[in-house]
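Letter 269 of the sequence shown, counting from 1, is numbered 874 in the working numbering, and no numbers are missing.
Where a beta carbon is used, it is the ideal one built from N, C-alpha and C, also for glycine.
Treat the numbers as computed from the prediction; the structure is a model and nothing was measured.
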Amino acid sequence: MLCYKTTGMKEWPGILAVYDCPVNVVFNDVEDVKSYVEGILREAGLEGVLEFSSNEAIGSRTVLFRLHFKPDASAREYVGVRVVAVDNVVTRVLFVVPRELEGVSSALESGLTIGRYNPDKDVSGAAQVPDQQVYIPYPVIYAVKGIPRVQPSEWYLEVAGLVENSLLLRYNDLVKMPMASITTDFHCVTGWSVRSARLKGVETRLITELAKPLREARWVYITGYDDYSAIVPVDEFSKGILVLYMGDKPLPPEHGGPVRLFFPGLYGWKSVKWVKRLEFTSEYRDGYWEVMGYHPRGRVENSERFKRF
């Protein structure tokens with residue numbers, strides 16, 4: 606089985622490695638999913654107990670199953686298993702190995718073929734089958750690493766990497782720049798959307814014009830004050846906005862204030878809250894959710910939820 610390995614993740618410091626394995630397996634129920642995963646573990650020579658943990662709808666066609674594998678030799682630690690299923694077909698299996706279970710990592714690699722993930726295939730591939738969103742009155746507030754309390758007077762944005770001009774922008778610098786107002790729907794990758802969000806801020810194309818990315822810059826790796834991260838292609842980055850106001854009021858902390866990014870054409874996990882740093886880079890690297898198999902671009906119109914290649 607060909608799998609992609611991610612290691613050295615500051616986004617998930619307790620994790621040794623994630624093995625992301627594209628597959629194409631028809632199933633009928635959870636027991637079928639468990640049996641398939643158990644077969645992979647047996648082939649790697651791993652003995653233990655695999656238990657169902659939870660499942661979650663991701664849009665109208667995709668379900669994410671979460672399972673735990675507790676090796677016989679482990680007293681407490683377990684391997685997280687994430688199974689992505691579209692309609693009734695398992696498309697990806699991810700093994701999330703904690704640092705305490707290095708032996709499991711070695712065993713898995715003995716039975717897997719480790720390849721190098723190529724995001725270009727996902728970005729240039731055909732659109733996936735449209736996946737219905739459900740509209741709700743108010744956005745669900747996510748803060749996977751907690752809500753940092755950053756005052757406007759303390760906030761700054763660093764722009765670095767493959768650029769002619771490195772930048773350090775303070776809140777007052779943004780306030781003095783030309784502002785744009787947009788009214789747009791917000792789409793979460795989990796399947797909910799909110800209509801007609803009214804946002805005001807500085808278009809990211811102005812940041813690009815100031816920084817002048819070098820020709821070899823292909824990606825923008827984005828980090829927030831909470832150390833959350835995401836990555837977007839350079840061309841998508843230039844279509845975004847640095848949001849300072851929601852409606853007529855300053856952006857509140859729970860929504861990413863004093864400043865967050867927003868990309869109207871991308872799922873919400875790319876729109877980093879409490880944004881702190883932009884790094885222009887030639888090399889792709891996973892952000893917080895990309896580590897767990899989410900798409901390198903995340904374009905809504907293409908239903909780009911998970912990696913496919």
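Checklist entry - According to the Cβ coordinates, are G898 and R666 closer than 8 Å? => result no
Checklist entry - K805 bridges to which residues according to DSSP? => result DSSP output for K805 lists S786 and Y850 as bridge partner(s).
Next on the checklist: Suppose you measure from the CA of G862 to the CA of K878; what does that come to, to the nearest Å?
Outcome noted: Looking at the two C-alpha atoms, the distance is approximately 7 Å.
Checklist entry - Between G720 and L607, which are expected to be in contact by the criterion C-beta below 8 Å, what is the C-beta distance as a whole number of angstroms? => result 5 Å
Item to check | Where H673 falls: helix, strand or coil (DSSP) | outcome: It is a strand residue.
Item to check | Buried versus exposed, by CB contacts within 10 Å (16 or more), D831 | outcome: buried
Checklist entry - Apart from the five residues just before and just after F657, which ones in its own chain have a Cβ nearer than 7 Å to its Cβ? => result V635, K639 and L672
Item to check | Inside the stretch 622-658 only - alpha helix (DSSP H) runs reaching at least 4 residues | outcome: 635-648
Checklist entry - With distances taken from CA atoms, which of Q733, A816, Y833 and D692 is nearest I752? => result That would be Y833, whose Cα lies nearest to the Cα of I752.
Item to check | Local Cβ density within 10 Å of K817, reported as buried at 16 or more and exposed below that | outcome: exposed
Checklist entry - So, using beta-carbon positions, are N629 and V694 closer together than 8 Å? => result Yes, they are a contact pair.
Checklist entry - Cα-Cα, which of G903, E814, R775 and E895 is closest to P869? => result Ranking G903, E814, R775 and E895 by Cα distance to P869 puts G903 first.
Next on the checklist: Quick check: what's the CA-CA separation for K854 versus P783?
Outcome noted: 17 Å
Item to check | A712, enclosing alpha helix (DSSP H) - first and last residue | outcome: E707 to G716
Item to check | Expected contact under 8 Å - CB spacing of L856 and V864 to nearest Å | outcome: 7 Å
Next on the checklist: So, with DSSP's three-state summary, where would you put E909?
Outcome noted: coil
Checklist entry - My guess is that T886 and A822 are in contact by the Cβ rule of under 8 Å, so how many angstroms apart are they, rounded? => result 7 Å
Checklist entry - What residue from D790, Q733, D840 and V880 has the CA that sits closest to E759's CA? => result V880
Checklist entry - H900 by DSSP, collapsed to three states: which one? => result Note: H900 maps to coil in three-state DSSP.
Checklist entry - Going straight from the alpha carbon of S711 to that of G644, what length do you get? => result 17 Å
Checklist entry - At what residues does the alpha helix (DSSP H) containing P724 begin and finish? => result P724 to S729
Next on the checklist: On the CB-based measure, 16 or more other CB atoms within 10 Å of its CB, does V745 come out buried or exposed?
Outcome noted: exposed
Item to check | Inter-residue Cα distance where the pair is H900 and I846 | outcome: 21 Å
Checklist entry - Exposed or buried, V684, counting other C-beta atoms within 10 Å across all chains shown (16 or more means buried)? => result buried
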